[in-house]
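For reference, the structure is listed below as structure tokens.
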Amino acid sequence: MSDREAEFREFVAARMESLRGLAYLTCGDWQVAEDAVLAALSRVYVKWSRVDNPDAYARSAVVRAAIDETRRPWWRREKAHSHAMPDRAEPDATHTVEDRLHIRAALATLPPQQRAVLVLRFLEGLSVRQTAAALHCPEGTVKAYTSRGLDALRRILGNDLEVRHEAAV
Amino acid sequence: MKQLSDLLREAKAEAPPLRLDVDNVVAAGRTRRRRRNTGWALGAVVTVAATIAVPQVLARPETRRPPVVAATSATPSSSPGFFPFRALSQPYRVGELRVEEPHQMGVDGSMARIERDGEEMGALWILPPGVSNFTWGDGVSLGSTTVNGRRGEYRRAGKETGGPEYLEWQYAEGATALVWLSPRLDHAEGKAVAEAFEPVGDVPATVGFRLGYVPGDYQLMQVNTGAAAPMPMRLSFLTTEAALVRLRDDQAFAADDELRGAALSVSLTRARSSRYPDGEVECAEGECRLWRKDAGVLLQAKGLPAEEPGMKRMLLSVTPAEDVPVDDAVPASARLPRR
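Following this line, the structure appears as structure tokens:
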């Protein structure tokens, strides 16, 4: 095994789980998210020796792959099959679980690209410029999607939703 | 006050266990690199061939014949009375674009990726003659066109701006096809792919394993051949009741959670190593896994938790093999009768 491949393996082992979470929040389906991560990381593998910032590159590739997955014509059927499975049994019925289901339902009402913008900005902490670079879209689009996405979430989750980067919107 | 970042963190909690590991990612990466290299090599060959062939083509009168649907509706001799899972297109090139061999065959047709330099640009979806029950909700027309003299239409699925777009056309009387577009595959390129498509006949789908057992009254609905790496090889089933609704009314099926829940799938991924024990089926919450070190494969089944005993038996009935026609890969009891 070459040093580069060993580096890549280490990177994947450390980041695959969190990248899958990112993809899941973007596409709303664990199985599709895993397909997106596999597709994106296989591209990263090919370009590994030319990638300066693996974290940023992989994050961008995974989110765009997750958006692409939702645009595929076969996605709806795949989603249907994947959604066929009931949610995992929850360990208890606390507010945490309620919040989780609530935010998942709220995110599901947004188009994938808006979800991606919110996730990159408010979970990953990226700026407007960094988000635009990650999604390969203009900064104006990021600002518009941020505003629309937050409005939609507030309509569903209530006005007590707090966001750290709102001043930058 | 609820912090959005906390809510997002919470939303991705309680994730199901990962199906794949580092070996799978590396294997998918190697496959992609090989495909890229092959794609470039093919491109060079095609460029040379085109340089030689173009003067001859230009010198000849237009001899293109209108498409004819040959044997797509013919019942294959190996599976009399069952729904055939057939590739309805074959690989071809249009400029820099390459339409791959179909990787997914189902009751609603076959699907092939459209690639440029090894990167996915869109998809070609061919429906069998007479099948038109697919729906994309309240899509909007983006304009009409003609494809080889037949009417075609650019459409966007759903009302949402930025929704996926496609070109739909009739490739033969009563036979519909779609080119799925993307920001990297524009209308003109989609039309070029459509115009270069020629129907093929009886090309059976193949998979890399045989199933000796399928639980309950599940019927095979879709086959993923694994040709579109890294998507795994997968057979997907529905109960007879759900399958009948799905065939009759796709929208009613899509809107019914209970029917959609009546699904089961089994997939095979190449895996030389795994976190799972060799030869033992592990099931949890509607997912069963079996790693077979001897064959270097990870088998996974997914369905309702109540089906776990059946899924376990199904995984143990798998025999890995090369290029098994779907007709021979699944017991007759799990095959849809032809209508």
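Protein chains in written order, with the numbering used here: chain A, 1 to 169; chain B, 1001 to 1339.
All C-beta atoms, glycine included, are put in the ideal place defined by N, C-alpha and C.
What in chain B is Cβ-close to residue i, meaning under 9 Å?
{"i": "S42 (chain A)", "result": "V1025, V1026, A1027, A1028, G1029, R1030, T1031, R1032, R1033, A1229 and P1230"}
{"i": "A13 (chain A)", "result": "D1021 and V1022"}
{"i": "L25 (chain A)", "result": "L1008, A1011 and K1012"}
{"i": "Y45 (chain A)", "result": "V1025, V1026, A1028, G1029, R1030, R1032 and R1033"}
{"i": "L110 (chain A)", "result": "None at all; the shortest Cβ gap to chain B is about 10 Å."}
{"i": "E17 (chain A)", "result": "A1015 and L1018"}
Does the distance from the C-beta atom of residue i to that of residue j stay below 8 Å?
{"i": "T1269 (chain B)", "j": "P1232 (chain B)", "result": "yes"}
{"i": "A134 (chain A)", "j": "S42 (chain A)", "result": "no"}
{"i": "A1205 (chain B)", "j": "A1301 (chain B)", "result": "no"}
{"i": "Y1092 (chain B)", "j": "A1196 (chain B)", "result": "yes"}
{"i": "L1004 (chain B)", "j": "F8 (chain A)", "result": "no"}
{"i": "V1107 (chain B)", "j": "F1083 (chain B)", "result": "yes"}
{"i": "W1125 (chain B)", "j": "L1178 (chain B)", "result": "yes"}
{"i": "R1156 (chain B)", "j": "E1165 (chain B)", "result": "yes"}
{"i": "P1215 (chain B)", "j": "E1285 (chain B)", "result": "no"}
{"i": "M1221 (chain B)", "j": "R1246 (chain B)", "result": "yes"}
{"i": "P1331 (chain B)", "j": "Y1213 (chain B)", "result": "yes"}
{"i": "W30 (chain A)", "j": "A1255 (chain B)", "result": "no"}
{"i": "L157 (chain A)", "j": "K1002 (chain B)", "result": "yes"}
{"i": "G1149 (chain B)", "j": "V46 (chain A)", "result": "no"}
{"i": "Y145 (chain A)", "j": "V117 (chain A)", "result": "yes"}
{"i": "V119 (chain A)", "j": "L1007 (chain B)", "result": "no"}
Keeping to the same chain, check which residues put their C-beta closer than 8 Å to that of residue i; ignore five residues upstream and five downstream.
{"i": "H1103 (chain B)", "result": "M1111, A1112, R1113, N1224, T1225, G1226, A1227, A1228 and M1231"}
{"i": "L19 (chain A)", "result": "V37, A40, L41, A58, R59 and V62"}
{"i": "P154 (chain A)", "result": "The identity of residue 154 (chain A) in the sequence shown is Arg, whereas the question assumes Pro. Closer than 8 Å at the Cβ level, and outside the excluded window around R154 (chain A), lie L161."}
{"i": "Q1219 (chain B)", "result": "F1237, L1238, T1239, T1240, A1243, A1334, R1335 and L1336"}
{"i": "E124 (chain A)", "result": "L22 and R59"}
{"i": "D1021 (chain B)", "result": "A1271, S1273, S1274 and R1275"}
{"i": "R1313 (chain B)", "result": "Y1213 and P1215"}
{"i": "T109 (chain A)", "result": "A152 and I156"}
{"i": "L1097 (chain B)", "result": "I1114, E1115, R1116, M1121, L1185, E1189, A1192 and V1193"}
Pick out whichever of the options has its Cα sitting closest to the Cα of residue i.
{"i": "P975 (chain B)", "options": "B:E1308, B:A1243, B:A1196 and B:L1211", "result": "In this structure chain B extends from 1001 to 1339, so residue 975 (chain B) is not present and cannot be described."}
{"i": "P112 (chain A)", "options": "A:E69, A:L19 and A:R121", "result": "A:E69"}
{"i": "M1311 (chain B)", "options": "B:T1240, B:E1241 and B:L1235", "result": "B:L1235"}
{"i": "D1323 (chain B)", "options": "B:Q1251, B:S1267, B:N1024 and B:F1209", "result": "B:F1209"}
{"i": "L1142 (chain B)", "options": "B:P1305, B:D1117 and B:E1168", "result": "B:E1168"}
{"i": "L25 (chain A)", "options": "A:A13, A:V51, A:R100 and A:Y45", "result": "A:R100"}
{"i": "D1327 (chain B)", "options": "B:V1203, B:R1260, B:R1019 and B:L1247", "result": "B:V1203"}
{"i": "D1250 (chain B)", "options": "B:S1265, B:R1313 and B:V1131", "result": "B:V1131"}
{"i": "P1305 (chain B)", "options": "B:E1287, B:K1293 and B:R1313", "result": "B:E1287"}
{"i": "V1094 (chain B)", "options": "B:F1085, B:R1116 and B:L1020", "result": "B:R1116"}
{"i": "E1198 (chain B)", "options": "B:A1172, B:D1217, B:V1207 and B:D1186", "result": "B:A1172"}
{"i": "V1207 (chain B)", "options": "B:V1026, B:R1019, B:F1085 and B:R1009", "result": "B:F1085"}
{"i": "L1127 (chain B)", "options": "B:Q1170, B:L1008 and B:T1145", "result": "B:Q1170"}
{"i": "I103 (chain A)", "options": "B:S1267, B:D1217, B:E1010 and B:E1258", "result": "B:E1010"}
{"i": "G1277 (chain B)", "options": "B:R1248, B:A1013, B:K1293 and B:A1252", "result": "Checking the displayed sequence, the identity of residue 1277 (chain B) turns out to be Pro instead of Gly. Among B:R1248, B:A1013, B:K1293 and B:A1252, the Cα nearest to that of P1277 (chain B) is on B:K1293."}
Between which residues of its own chain and residue i is the CB-CB distance below 7 Å, once the five residues before and five after are set aside?
{"i": "E139 (chain A)", "result": "V128, R129 and A132"}
{"i": "R4 (chain A)", "result": "W48 and S49"}
{"i": "F11 (chain A)", "result": "P54"}
{"i": "C27 (chain A)", "result": "A33, A36, A66, E69, T70 and P112"}
{"i": "A1271 (chain B)", "result": "D1023, N1024, W1291, G1296, V1297 and L1298"}
{"i": "A1123 (chain B)", "result": "M1111, A1112, R1113, I1114 and W1180"}
{"i": "L107 (chain A)", "result": "L25, G28 and R115"}
{"i": "R1019 (chain B)", "result": "Q1300"}
Mind pulling the chain A residues with CB within less than 7 Å of residue i?
{"i": "A1013 (chain B)", "result": "R100"}
{"i": "Q1300 (chain B)", "result": "Result: empty, since nearest Cβ-Cβ is about 10 Å, beyond 7 Å."}
Just to make sure I have the definition right: I need the residues of chain B whose C-beta is within less than 8 Å of the C-beta of residue i. Which are they?
{"i": "R20 (chain A)", "result": "A1015 and L1018"}
{"i": "V119 (chain A)", "result": "L1008"}
{"i": "I103 (chain A)", "result": "L1007, L1008, E1010 and A1011"}
{"i": "L157 (chain A)", "result": "K1002 and L1007"}
{"i": "E5 (chain A)", "result": "V1026"}
{"i": "E69 (chain A)", "result": "The premise fails here: E69 (chain A) is roughly 10 Å from chain B at the closest Cβ pair, so nothing lies under 8 Å."}
{"i": "E34 (chain A)", "result": "L1018, R1019 and L1020"}
Who are the neighbours of residue i on chain A, taking C-beta pairs under 8 Å?
{"i": "L1220 (chain B)", "result": "Ordered by position in chain A, no residue passes the 8 Å Cβ test against L1220 (chain B), which lies about 13 Å from the chain."}
Taking residue i as the query, report the chain B residues whose CB atoms sit under 7 Å from its CB, ordered along the chain.
{"i": "R9 (chain A)", "result": "V1022 and V1026"}
{"i": "L161 (chain A)", "result": "K1002 and L1004"}
{"i": "L107 (chain A)", "result": "A1011"}
Once the 5 residues before and after residue i are set aside, which same chain residues still bring their CB inside 6 Å of it?
{"i": "A1295 (chain B)", "result": "P1320"}
{"i": "A1263 (chain B)", "result": "L1238"}
{"i": "Q1090 (chain B)", "result": "V1200"}
{"i": "V1140 (chain B)", "result": "R1156"}
{"i": "R1184 (chain B)", "result": "M1121"}
Since residue i meets chain A, which of its residues come closer than 9 Å, beta carbon to beta carbon?
{"i": "K1191 (chain B)", "result": "Here the premise fails: no neighbours, minimum Cβ distance about 17 Å."}
Quiz item: Does the segment 1288-1299 of chain B come close enough to the segment 1310-1323 of chain B that 3 or more CB-CB pairs lie under 8 Å?
Solution: yes
**Prompt:** Are the segment 1189-1203 of chain B and the segment 1270-1286 of chain B in contact at 8 Å, needing three or more beta carbon pairs?
**Reply:** Counting Cβ pairs under 8 Å, fewer than three are found: no touch.
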